[in-house]
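Engineer: There's a structure below that I have some questions on.
Structural data, given as structure tokens:
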């Protein structure tokens, strides 16, 4: 987090010996310089100055927090999608084997409880079609898949190859968000421009596209420089601090929901290498599949 700017000291060390009157010791033009220094001290001491520094510090703190929440959200989303892509077939195979094993047991024993267990296991293998199945992989309950959006907008389809984008992509992403964050806008037009730009930054980061992130950095550098905000009223500063506080509370709730979800909990098991966690889960599932296949083969041989 960027720390608040340190206040400059206005004290001046006194020289040894008696001091002459200002009019006597000031050379030509010194009065103007002295007046400018006095104005600088007055500027630093005005009532709004401390509030302005507090607002700037709060803005930077909020941006850093939003970056952390957004990067974690993207990791959760990528982990979820890769988990489904890589491990979904293994889970489906396990469900099929469980149903076949239950059916083999029911056929051998004929017991009503075994027959019921077999029916329930088979029902889990063939669920009722959901939204995703109805739209053939284009849409889930949250909306269009990123791949579908890319196709509809003539963008290349680039699903994530790993949970966490590379270190360089992370660095580029953080720098861009710090510079172009919508919360730094001071009017609606500027906020809209920043919102649109950051949405493209988020999409590029979600795919780990370093090249596109560099292009976006060049685009932002070449764009219009946002006007520096100089608040003039204490009421505006207090309102800004209140809004920043409310935004932080909202982000805290979002972060808690991400961490408490199933995927977030899994990510917390391997915070340093989430991609390796997928590989470990895959190895465990393969072992379970092999064990189920042996169990089914033994039942069918009996």
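Residue numbers (this note's numbering): -14 to 287.
Beta carbons: idealized from backbone N, C-alpha and C, even for Gly.
It should be emphasised that the depicted structure is a prediction, and the values quoted were computed from it without experimental measurement.
Based on Cα-Cα distance, which residue from 54, 90, 53 lies nearest to residue 282?
Structural biologist: Closest option to residue 282, Cα to Cα, is 90.
Engineer: Can you tell me whether residue 69 is buried or exposed? The criterion is at least 16 other CB atoms within 10 Å of its CB, across all chains shown.
Structural biologist: By the 10 Å Cβ count, residue 69 comes out exposed.
Engineer: Tell me which same chain residues have a C-beta within less than 7 Å of the C-beta of residue 233, skipping the five on either side of it?
Structural biologist: Within the same chain, residue 233 has close Cβ partners 47, 50.
Engineer: Looking at the structure shown, is residue 231 part of a helix, part of a strand, or coil, going by DSSP?
Structural biologist: The answer is helix: DSSP assigns residue 231 an H, G or I state.
Engineer: Measuring alpha carbon to alpha carbon, tell me which of 255, 199, 174 ends up nearest residue 159.
Structural biologist: Of 255, 199, 174, the residue nearest in Cα terms is 199.
Engineer: What did DSSP end up calling residue 312 once you bin it into helix, strand or coil?
Structural biologist: With the chain covering -14 to 287 only, the question about residue 312 has no answer from this structure.
Engineer: If I measure Cβ to Cβ from residue 40 and keep anything under 8 Å in the same chain, skipping five residues before and after, which residues do I get?
Structural biologist: Correct list, in chain order: 216, 222, 225, 226, 229.
Engineer: Just how far apart, CA to CA, sit residue 272 and residue 266?
Structural biologist: Going from the Cα of residue 272 to the Cα of residue 266 covers about 10 Å.
Engineer: Just mark residue 150 as buried or exposed, buried being the case when its beta carbon has 16 or more other beta carbons within 10 Å.
Structural biologist: Its Cβ being crowded by 16 or more others within 10 Å, residue 150 is buried.
Engineer: Relative to the C-alpha of residue 154, which residue among 173, 179, 202, 220 is closest?
Structural biologist: Residue 202 is the option with its Cα nearest to residue 154.
Engineer: Look up residue 194 in the DSSP assignment and say whether it is helix, strand or coil.
Structural biologist: DSSP places residue 194 in coil when its eight states are reduced to three.
Engineer: If you follow the alpha helix (DSSP H) that residue 71 is in, where does it begin and where does it stop?
Structural biologist: Looking at the DSSP string, residue 71 is not in any alpha helix (DSSP H), and its letter there is neither H nor E.
Engineer: Can you look up residue 207 in the DSSP assignment and give me helix, strand or coil?
Structural biologist: Residue 207 falls in the helix class under three-state DSSP.
Engineer: Using only CA atoms, which one of 276, 78, 53 lies nearest to residue 162?
Structural biologist: Out of 276, 78, 53, 53 has the C-alpha closest to the C-alpha of residue 162.
Engineer: Label residue 196 either buried or exposed according to how many other C-beta atoms from any shown protein chain fall within 10 Å of its C-beta, with 16 as the threshold for buried.
Structural biologist: Burial call: exposed.
Engineer: Where do the N-terminal and C-terminal ends of the alpha helix (DSSP H) with residue 97 fall, by residue?
Structural biologist: Taken as a continuous stretch (DSSP letters only), the alpha helix (DSSP H) holding residue 97 covers 97 to 110.
Engineer: Could you name the residues of the same chain whose beta carbon sits closer than 8 Å to that of residue 8, not counting the 5 residues immediately before and after it, in chain order?
Structural biologist: A caution first: residue 8 carries a pLDDT of 39, below 50, which makes its placement in the model unreliable, though a value can still be read off. Taken in chain order, the list of residues that qualify is empty.
Engineer: So, is residue 83 buried or exposed, given that buried needs 16 or more other C-beta atoms within 10 angstroms?
Structural biologist: The residue in question, residue 83, is buried, as its Cβ has 16 or more Cβ neighbours within 10 Å.
Engineer: Rounded C-beta distance between residue 102 and residue 87? I'm assuming under 8 Å.
Structural biologist: Correct: roughly 5 Å between the Cβ atoms.
Engineer: Using a Cβ-Cβ cut-off of 8 Å (strictly less than) and excluding sequence neighbours within five positions of residue 107, which residues of its own chain qualify?
Structural biologist: These residues qualify, in order along the chain: 84, 87, 88.
Engineer: Compute the distance between the beta-carbons of residue 246 and residue 62, then report whether it is under 8 Å.
Structural biologist: No, they are not a contact pair.
Engineer: From this set, 240, 286, 261, which residue's C-alpha is nearest residue 146's C-alpha?
Structural biologist: Nearest option by C-alpha distance: 261.
Engineer: Where do the N-terminal and C-terminal ends of the alpha helix (DSSP H) with residue 154 fall, by residue?
Structural biologist: Its alpha helix (DSSP H) spans residues 152 to 165.
Engineer: For residue 246, which of helix, strand or coil comes out of DSSP?
Structural biologist: Residue state, collapsed to three classes: coil.
Engineer: Report the rounded CA-to-CA distance for residue 60 versus residue 280, giving the unit in angstroms.
Structural biologist: Answer to the nearest angstrom: the Cα atoms are 37 Å apart.
Engineer: Mind checking residue 285: buried by the 16 CB within 10 Å criterion, or exposed?
Structural biologist: It is exposed - the Cβ of residue 285 has fewer than 16 other Cβ atoms within 10 Å.
Engineer: Mark residue 74 as exposed unless 16 or more other C-beta atoms lie within 10 angstroms of its C-beta, in which case mark it buried.
Structural biologist: So residue 74 ends up on the exposed side.
Engineer: Cβ atoms of residue 33 and residue 219: under 8 Å apart, would you say?
Structural biologist: Yes, the Cβ-Cβ distance between residue 219 and residue 33 is below 8 Å.
Engineer: Given residue 36, which residues of its chain have a CB within under 8 Å of its CB, disregarding the five upstream and five downstream residues?
Structural biologist: Taken in chain order, the residues that qualify are 216, 219, 222, 223, 226.
Engineer: Roughly how many angstroms separate the alpha carbons of residue 173 and residue 164, rounded to a whole number?
Structural biologist: The straight-line gap from Cα to Cα measures roughly 17 Å.
Engineer: Report the rounded CA-to-CA distance for residue 71 versus residue 93, giving the unit in angstroms.
Structural biologist: So the alpha carbons of these two residues sit roughly 35 Å apart.
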